[in-house]
Amino acid sequence: MTTGSVPPASLLGPLARIAMAAGAAIEQVRREAAMGLVEKPDGSPLTDADLAADLVIRAGLAEAAPGIPVVCEEGAACEDMSAPRYFLIDPLDGTREFVAGDADYTVNIALIEHGRPVAGVVFAPRDGRLWSGAEGCGATRQDGAGPARPVRVRATDGGLVAVASRSHRDAATEAFLAWLGVSETRCVGSSLKFCLVAEGGADVYPRFGPTMAWDTAAGQAVLEAAGGAVFCPEGKPFRYTPENGWRNGAFIAWGASRPPIAS
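Going by UniProt numbering, the sequence shown opens with residue 1, and the numbers climb by one from there.
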């Protein structure tokens, strides 16, 4: 079987092992307190942990899935989105949280097919939580060395619980949450927001401020495998295409309860 024909679900095991190895590299940098912090041209931070995780993931994917292109945050300027199948990774999502000493940072690895995230893993190195999901086989959460357990978006006929960015709340988000009439809003960082909706801890995650494709693809894959969906505000499915580029537009990630989209 060629790499291009490998079913997405069969890659979840290797992707999980690679993400955990990258997480171990991140945690080693944190323990050594030698981050090598610099500022990238766009003003975002870059640390030795980002670079160490990047090396681990690239090496792991080259061994586990040779022939599938790898697009990473640190090298995306040299890549395009025209390949029918590629990995989209963020070695350290939530670098600001990592630098600040918070725990809300993740390793994100997604498999994209024709613009759709069909498999993904999200690993939280600080506490060892791992979410995995692939099209057609559902999603799971594993805590440390414990067994993986299925997760599913929750059905609710009561007040909606929203999850929002810890550091990027804006007026558009506040207006949308007010329109929905949410009963509670939880704030977390990184792709953990998608995972919270995927496991039934929240019902909706709106994002109107800027994000990049590698920030969202793995979390979207987990959420959609768990029964959720991600849409543009106008109601179109949220995709990763050359027309859209690496910078995402606005999106709304939903669990089981999706009200009509506001125009």
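All C-beta atoms, glycine included, are put in the ideal place defined by N, C-alpha and C.
All figures in this text were calculated on a predicted structure; none of them were measured in a lab.
Q: Indicate whether at least one CB of chain D lies closer than 8 angstroms to the CB of Tyr205.
A: This model lacks chain D altogether, as it is built from one protein chain only.
Q. What are the partner residues of Tyr108, as DSSP defines its beta bridges?
A. According to the sequence displayed, residue 108 carries Asn and not Tyr. Asp90 and Val122, per the DSSP bridge assignment.
Q | Between the CA atoms of Asn248 and Asp50 - distance to the nearest angstrom | A | 21 angstroms
**Q.** Span of the alpha helix (DSSP H), counted from its first residue to its last, around Trp214
**A.** Ala213 to Ala225
Q. Can you round the beta-carbon distance between Ser191 and Ala155 to whole angstroms, since I take them to be within the 8 angstroms contact cut?
A. Ser191 to Ala155, Cβ: 23 angstroms. No contact.
Q. Considering only the beta carbon of each residue, do Cys137 and Ala16 sit closer than 8 angstroms?
A. no
Q: Return the CA-CA distance between Ile112 and Ala65, expressed in angstroms with no decimal places.
A: 13 angstroms
Q: From the DSSP output, in three-state form, read off Ala164 for me.
A: strand
Q | Range of the contiguous beta strand (DSSP E) that encloses Ala34 | A | Where Ala34 is concerned, there is no enclosing beta strand (DSSP E), given that its DSSP letter is neither H nor E.
Q.
Let me confirm a value: Arg149 is counted as buried when at least 16 other C-beta atoms fall within 10 Å, else exposed. Which label applies?
A. exposed
Q.
Please classify Lys193 as buried or exposed, where buried requires at least 16 other C-beta atoms within 10 Å of its C-beta.
A. buried
Q: Would you be able to state if there are at least three C-beta pairs under 8 angstroms between the stretch 164-183 and the stretch 108-127?
A: no
**Q.** Buried or exposed by the 16-neighbour rule on C-beta atoms within 10 Å, applied to Val29
**A.** buried
**Q.** Beta-carbon gap between Ala250 and Gly227 smaller than 8 angstroms
**A.** no
(Q) What does DSSP give as the partner residue(s) for Gly133 in the beta ladder? (A) Gly120 and Ala139
**Q.** Leu12 versus Leu46, Ala164 and Ala110, residue with shortest Cα-Cα distance
**A.** Ala110
Q. Quick one, which of Ala103, Ala100, Pro117 and Val99 has its alpha-carbon nearest residue 264's?
A. The displayed coordinates of the chain run from 1 to 263. Any statement about residue 264 would go beyond what the structure contains.
Q. Is there contact between the stretch 129-143 and the stretch 171-189, where contact requires at least three CB pairs shorter than 8 angstroms?
A. no
Q) From Thr241 to Pro233, what does the alpha carbon distance come to, in whole angstroms? A) 17 angstroms
Q) How many Å lie between Ala253 and Val153 at the Cα? A) 11 angstroms
(Q) Let me confirm a value: Glu63 is counted as buried when at least 16 other C-beta atoms fall within 10 Å, else exposed. Which label applies? (A) exposed
Q) With 16 as the cutoff for other CB atoms within 10 Å, does Asp215 come out buried or exposed? A) buried
Q.
Check this for me: beta carbons of Ala83 and Pro69, under 8 angstroms apart or not?
A. yes
Q.
So the candidates are Asp42, Ser44, Glu73 and Arg96; which of them puts its Cα closest to the Cα of Ile57?
A. Glu73
Q: Could you pull out every residue in the same chain whose Cβ sits closer than 7 angstroms to the Cβ of Asp90, ignoring the five residues on either side in sequence?
A: Glu73, Asn108, Trp214 and Asp215
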